[in-house]
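Peer 1: Just passing along the structure, written as structure tokens.
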Ligand code: HEM
Ligand SMILES: [Cu+2]
Ligand SMILES: [Cu+2]
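Encoded structure:
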């Protein structure tokens, strides 16, 4: 018993510690909401622990105390007690009101986007995220400056998705046909996981990216500039790798020989392909171009016809050329 | 006089497949429901184990290999996973938990508890069961044709316009099962209103009956809504009418609203009967009237009513308006109070009791623990500020397993162990049964406690592969699932074993309960009672006393000509 107390305190402490790795219960606190959300979590946690401990302790005590062998006949005892029942209805209710109220206050903060927040458009599509910045830059990872309110204007091109950044404690569904929004202010530089957390089909669990927080505005601006023309100074194959990554081909096609929803790009260049209809063909530039633009024309044997034209993305002719160069470069 | 099984009883008075399939006897229907639900539970459980095996490692290999070895040449491993978790959820919800207690145990025990010969509409009752079978066949059709990968929630527009699986088989199956549930509810409601015996006023009904009553109200009022939602979904999927898919001019959030308008009340279709079973068990194994009878009865009704106005708490981040979110959060807390009251009443009942720790009581006490955790974790989810982080993570998965499996299924199993002697006239081995309960309890906690932590760390639901930071929680969760599987198998073994070989005949009243279901032979005669049973309070345990020779309880003052029937205080003459 004596040892339990410091242990509990250690748990309490570690659950509120601020480290980049996170604590016992939480990922790192990397946004303005994290401290308050975790406080509320811990508040409910300790209220629940006490309530639960009381109930279980009472149950165990009573079962041991009044086992049949000890108490052969039940002794007269009240079958109800208005006083007791009022007490155990009212006391929990008070705690519930506090929980609701605290949750409500925090929710108001979550929803009140500060004026002048930096707005980034987020678009979900099976199974890729695209982020568009006010400068016209585009990326597949979320990049934000630290210490500035950022608003995400969220939409979806196909099914429901959901933006979830655990380290920021924010979440909002991406709903086709309407915009939703959320905001946060990052408080810690670094890279944090960014998940899709509304089930969206085959590669739902592959619809992961990163939220990258820059410590200074200058670093962020520098990245913004480079993002405006991402292919500059790159060879076609290098640029193709970037397209593969940014345009979501990566969710279905690897570059290392392992097969996901679609065949890997590794070593297919020049190979002979068997198709679902029994015919065969060789992988050359035209075949690749056709596979990208009209994937349904030839279905590789053993795979399903799930790839839509251009992988569901807007691809420029230039980007398609880069892709062809990239796949060519992955020949054995 | 030692315990013997009566020569003629409901199990043997007619024989053959037809006598079962076309039976109108509520007891036979209850027993068939029970075995059918257990079969569905095993099927759903196999899918659950496959899912857990896959999740044991961040990039699990189980389903990859299944796909590789030609188990399925059309589906990738990720698809296979999505099918498995969907089928697991859909089977468990629609075929197991919703019909579980009301249809299996309710059918078997409720008419007897009322001293009645049958339910109000025996043919409708049989029809309900046949609908259940039909619905089950539709689910199996979905499984063997193109499977199902929408999640049990069928969210649009994935289900209407994107999924390539057998959505229509499944929605039609759920639609049919909905009618099965509505008819069961209707039957129970009318039976309770019309067939209570003289002397059984509303406040002399056993609490199990109150619970089934409250459940029936929800079944009747809420289930048609999911029926309509699924029908609309089917119409949209086949005819392309734009109701939910924005590409056709619909609204996907509308589907979420209609779905949860039913599915939140449905979670109370699962838990209320379970609470009824636990109330019976705690009172009877403490040999004491339940503490706060009226507040338990009223809290069942309160929960049934409130359950209709909290559905929006499933949609705090769906894009519904902020004000609606606040209102739903406030209303959600109103359900928490009556739930807590029930737990307090159960614990208070133990005070000054004479507690027997037989197997059903082990389950009832487990439920206090499991429902404690399940109910309390609902508080984080009802609180707006914390649900934003926790929604659609493993925290929610753990929460609803604690309530749906930990509370509803454990109560169901406890109820089976409780009524088993009455159903089949045999006693099971207490040792093996308790071992099963203990292992299942440990396994359950091992499976689902780590998921809370995975969730608060941010692990999303329905993930096939996951970030290695979550591995430790998933590893233990998968080990726990195996332990849970072992525990449940032992429980089933104990039950099946009691029917084989040398049977140990059950007395009419092994537990000393005085509700009427225990005042006929075990198994009951085809028409339950030869004499209209007298009625008084359901928990007047002084009316029966232990008899060593019988190995059970007997009435202190039996009605002439029926040794099992107790003469009761206020209704001395029949
Ligand atoms: C005692 C009070 C309870 C409260 C306050 C509560 C609260 C909640 C809330 C707010 C959610 C939504 C969480 C989210 O999606 O972010 C939720 C989910 C859920 N709860 Fe409860 N709950 C309670 C009891 C129960 C009971 C008794 C059951 C069933 C027997 C249940 C079954 C479920 C299910 C099935 C889900 C999630 C369904 C899904 O998303 O697939 N809950 N609960
Ligand atoms: Cu997703
Ligand atoms: Cu709910």
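Chains as they are written, first to last, in our numbering: chain A, 29 to 360; chain B, 20 to 593.
Glycine included, every Cβ here is placed at the ideal spot set by N, Cα and C.
1. Give the secondary structure of residue 281 of chain B by DSSP, where H, G and I count as helix, E and B as strand, and everything else as coil.
2. Looking only at its chain, what residues have a beta carbon closer than 6 Å to the beta carbon of residue 71 of chain B, apart from the 5 residues adjacent to it on each side?
3. According to the Cβ coordinates, are residue 323 of chain A and residue 336 of chain A closer than 9 Å?
4. May I ask whether a heavy atom of ligand 2 can be found less than 8 Å away from the beta carbon of residue 235 of chain A?
5. Indicate whether at least one CB of chain B lies closer than 9 Å to the CB of residue 44 of chain A.
6. Going by other Cβ atoms of all chains shown within 10 Å of its Cβ, with 16 needed for buried, is residue 432 of chain B buried or exposed?
7. Output needed in chain order: residues of the segment 384-396 of chain B with a Cβ under 8 Å from some Cβ in chain A.
8. Can you find the residues in the same chain that come closer than 8 Å, C-beta to C-beta, to residue 475 of chain B, ignoring five residues on each side of it along the sequence?
9. Would DSSP call residue 593 of chain B helix, strand or coil?
10. Closer than 7 Å by beta-carbon distance: list the chain B residues that pair up with residue 103 of chain A, in chain order.
11. Counting contacts by CB-CB distance shorter than 9 Å, is residue 281 of chain A in contact with chain B?
12. Check each residue's C-beta against every heavy atom of ligand 2 and list, in chain order, those closer than 7 Å.
13. What residues are listed by DSSP as bridge partners for residue 523 of chain B?
14. Consult DSSP for residue 256 of chain A and reduce its assignment to one of helix, strand or coil.
15. Using only the heavy atoms of ligand 3, determine whether one of them is closer than 8 Å to the beta carbon of residue 346 of chain B.
16. Assuming residue 193 of chain B contacts residue 271 of chain B (C-beta within less than 8 Å), just tell me the rounded distance between them.
17. Quick check on this structure: which residue in B:334, B:221, B:390 and B:445 has the alpha carbon closest to the alpha carbon of residue 518 of chain B?
18. Suppose you measure from the CA of residue 283 of chain A to the CA of residue 294 of chain A; what does that come to, to the nearest Å?
19. Quick one: does residue 179 of chain A have its CB under 9 Å from some CB of chain B?
20. In the segment 401-417 of chain B, which residues sit with their C-beta less than 9 Å from some C-beta in chain A, listed in chain order?
21. Using only CA atoms, which one of B:510, B:560, B:548 and B:569 lies nearest to residue 525 of chain B?
22. Let me check you understand the geometry: is the CB of residue 332 of chain B closer than 8 Å to at least one non-hydrogen atom of ligand 3?
23. Going along the chain, which residues of its own chain have a beta-carbon closer than 8 Å to the beta-carbon of residue 516 of chain B, five neighbours each way excluded?
24. Taking residue 461 of chain B as the reference, give the member of B:422, B:181 and B:504 with the closest Cα.
25. Look at the alpha carbon of residue 216 of chain B and the alpha carbon of residue 359 of chain B, and state the distance between them as a whole number of angstroms.
26. Relative to the alpha-carbon of residue 371 of chain B, which residue among A:102, A:167 and A:266 has its alpha-carbon at the smallest distance?
27. With DSSP as the reference, label residue 11 of chain B as helix, strand or coil.
28. One question on the structure: do residue 68 of chain A and residue 402 of chain B come within less than 9 Å of each other, judged by their Cβ atoms?
29. Determine whether the beta carbon atoms of residue 179 of chain A and residue 148 of chain A lie at a separation below 9 Å.
30. Can you list the residues of chain A that residue 249 of chain B reaches, using a CB-CB cut of under 9 Å?
31. Quick check: what's the CA-CA separation for residue 153 of chain A versus residue 59 of chain A?
32. Is the beta carbon of residue 328 of chain A sitting closer than 9 Å to the one on residue 183 of chain B?
33. I'd like to know if the segment 278-294 of chain B and the segment 113-129 of chain B are in contact, where contact means that at least 3 CB-CB pairs between them fall below 8 Å.
34. For residue 171 of chain A, list the residues DSSP reports as bridge partners.
35. Which value, in whole angstroms, describes the spacing of the CA atoms of residue 77 of chain A and residue 120 of chain A?
36. Rounded to a whole number of angstroms, what is the C-alpha to C-alpha distance between residue 45 of chain A and residue 56 of chain A?
Peer 2: A quick look at the data gives this:
1. helix
2. 497 and 500
3. Result yes, Cβ atoms of residue 323 of chain A and residue 336 of chain A sit closer than 9 Å.
4. Checking every heavy atom of ligand 2 against the Cβ of residue 235 of chain A, one is found closer than 8 Å.
5. Any reading at residue 44 of chain A is ruled out, since the residue's pLDDT is 44, under 50, leaving its predicted position unreliable.
6. Sixteen is the threshold: when 16 or more other Cβ atoms of the shown chains lie within 10 Å of the Cβ of residue 432 of chain B, as they do, the residue is buried.
7. Here the close residues are 384, 387, 388, 391, 392, 395 and 396.
8. Within the same chain, residue 475 of chain B has close Cβ partners 408, 409, 412 and 414.
9. A caution first: residue 593 of chain B carries a pLDDT of 30, below 50, which makes its placement in the model too unreliable to give a value.
10. Listed by position along chain B, the residues whose Cβ is nearer than 7 Å to that of residue 103 of chain A are 371.
11. Chain B, which has no Cβ nearer than 9 Å to the Cβ of residue 281 of chain A, makes this no.
12. A:155, A:189, A:190, A:224, A:225, A:226, A:227, A:228, A:232 and A:235
13. B:446
14. helix
15. It does not: the Cβ of residue 346 of chain B is nowhere closer than 8 Å to a heavy atom of ligand 3.
16. In fact, because the Cβ distance is near 19 Å, the residues do not count as touching under 8 Å.
17. B:445
18. 5 Å
19. No - not a single Cβ of chain B is within 9 Å of the one on residue 179 of chain A.
20. 401, 402, 403, 404, 405, 406, 407, 408, 409, 410, 411 and 412
21. Checking every option, the nearest Cα to that of residue 525 of chain B belongs to B:569.
22. Look at residue 332 of chain B: its beta carbon is less than 8 Å from one of the heavy atoms in ligand 3.
23. Excluding the 5 residues flanking it on each side, residue 516 of chain B has same chain C-beta neighbours closer than 8 Å at 447, 448 and 451, in chain order.
24. B:504
25. Whole-angstrom Cα-Cα distance: 32 Å.
26. A:102
27. An answer regarding residue 11 of chain B cannot be provided, because it is not within the stretch 20 to 593 covered by chain B.
28. yes
29. yes
30. Ordered by position in chain A, no residue passes the 9 Å Cβ test against residue 249 of chain B, which lies about 18 Å from the chain.
31. 26 Å
32. no
33. yes
34. Beta-bridge pairing links residue 171 of chain A to A:240.
35. 13 Å
36. Note on residue 45 of chain A: pLDDT 45, under 50, position unreliable in the model; no value is reported.
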